[in-house]
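Worksheet: the structure to be examined is printed underneath.
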Amino acid sequence: MHNSPANQLGLNARAALLCRNLEQESEGLGIARSNAGGAALWDFGVNAPGSVAAGVMLARVCLADLARVAADEATVSVETEDPVAACMASQYAGWEVKGEGYFAMGSGPMRAAAGREELFDHIGRREQAEHCVGVLESAKLPGSDVCTGIAEKCCVPPERLTLLVAPTSSPAGTVQIAARSVETALHKLHELGFDLERIQSGRGTAPMPPVAGDDLAAIGVTNDAILYGGQVTLTVRGDDASLKAIGPRVPSSASADYGRPFAEVLRAYDHDFYKIDPLLFSPAEIALHNAETGNAFRFGGVNREVLDASFDSVSGAS
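Under numbering that gives the first Met the number 0, the sequence shown has 263 at position 264, and the numbering climbs by one with no breaks.
In structure tokens, the structure reads:
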């Protein structure tokens, strides 16, 4: 229905080009290739060790290579000039991938090829692709049935599907989630009814979370990196009044579930994600810069106390 954004290449084509480098870089990144049902599988941390550098590559693929991603021992940063395409049409983990005994959160440009989410009715950017690329957040590699199912929904043969897989509790998985600061800001604004086409560019940072020993703990610290440490700046067009009105509702602190490490919030809801206030999922701080008026507005702020409590619970610090 909708075409990909105004780039020469579609989202999947951009990611596929990026994946061509994986073979020659696999040893340095700590990743390994296999096949299932004809699809190419890249293990970024299930059985392979992975690495922080692999996490940067994973985030770049999630973003269809429409963003600059950097990570060091302290910070993960993202910067994009095409935030709706990069973050919402590609990076957002909007696909629950299910199979017999298998579950993963799916992200990356394959979502635009499948176009199954209602989100695409709002943002457009559905695309037909010759080769599809996706990222799965899972502690297991998918089997042939899962791969062929994804390929079918993307309207490509399995041989033209590439899937990158990393558990949350892996170096690569940790980095790719911490690289979602801008994405969470856009998704929150979308939920609040803001016109995302007003957003020209975005940049964000989040503190590098410690790698947790299990996926549940990892879900906690990676979410906290964004909720309590994420700082995002968006350059937008339009009037100042609307920015002043919506701004206070964007940071995570606007949610009633704000104020405790995410692992505690999850336990309070019996580990049911869907009971958590969906408006909690946003950066700690957001700045809106109006390109037309030159004015800037900042809302929220980093919560070092909760961030330290969360990270210390995993790293074992006192």
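By construction, the Cβ of each residue, glycine as well, lies at the ideal position given by its N, Cα and C atoms.
Problem set entry | Enclosing alpha helix (DSSP H) for Asn222 [first to last residue] | 214-226
Exercise. Residues in its own chain within less than 6 Å of His1 by CB, not counting five upstream and five downstream?
Worked result: Caution is warranted here: a pLDDT of 36 is assigned to His1, below 50, making its placement in the model unreliable, and the coordinate value is therefore given only provisionally. Answer for His1: Gly123, Arg124, Arg125, listed in chain order.
For this session: Go ahead and pull the three-state DSSP assignment for Cys153.
Result: helix
Exercise. Curious, which full-length beta strand (DSSP E) runs of at least 3 residues does the region 17-51 contain?
Worked result: 31-35, 38-42
Exercise. Identify the residues that DSSP records as bridge partners of Pro206: which are they?
Worked result: Thr74
For this session: Taking Ser106 as part of the beta strand (DSSP E), name the residues at either end of that continuous run.
Result: 101-106
Exercise. Skipping 5 residues on each side, what residues in its chain have a beta carbon closer than 6 Å to that of Lys274?
Worked result: Tyr268
Exercise. Going by DSSP, what residues sit across from Ser200 in a beta bridge?
Worked result: Thr234
For this session: Out of Ala112, Glu26, Glu284, Pro208, state which residue places its alpha-carbon closest to the alpha-carbon of Leu249.
Result: The sequence shown places Val at residue 249, rather than the Leu named in the question. Minimum Cα distance to Val249 is reached at Glu284.
For this session: Taking Leu160 as part of the beta strand (DSSP E), name the residues at either end of that continuous run.
Result: 160-165
Exercise. Whole-angstrom Cβ separation of Leu28 and Leu162, contact assumed at under 8 Å?
Worked result: With 8 Å as the limit, Leu28 and Leu162 do not qualify as a contact, their Cβ atoms being about 16 Å apart.
Problem set entry | Residues near Ser200 in its chain [Cβ-Cβ closer than 7 Å; skip 5 each side] | Thr79, Glu80, Pro82, Thr234
Exercise. So, is the C-beta of Leu40 closer than 7 Å to a C-beta in chain D?
Worked result: Among the chains of the structure shown, chain D does not appear; only one protein chain is present.
For this session: Give a yes or no on whether the C-beta atoms belonging to Ala205 and Ser168 are separated by under 7 Å.
Result: no
For this session: With DSSP as the reference, please indicate the residues paired to Leu135 in a beta bridge.
Result: Gly105, Val164
For this session: Could you name the residues that DSSP lists as bridge partners for Lys97?
Result: Phe102
Problem set entry | Proximity winner among Ala88, Gln23, Phe296, Gly100, relative to Gly246 (alpha-carbon distances) | Phe296
Problem set entry | Under 7 Å between C-beta atoms of Pro170 and Asn11 | no
Exercise. Going by other Cβ atoms of all chains shown within 10 Å of its Cβ, with 16 needed for buried, is Leu57 buried or exposed?
Worked result: buried
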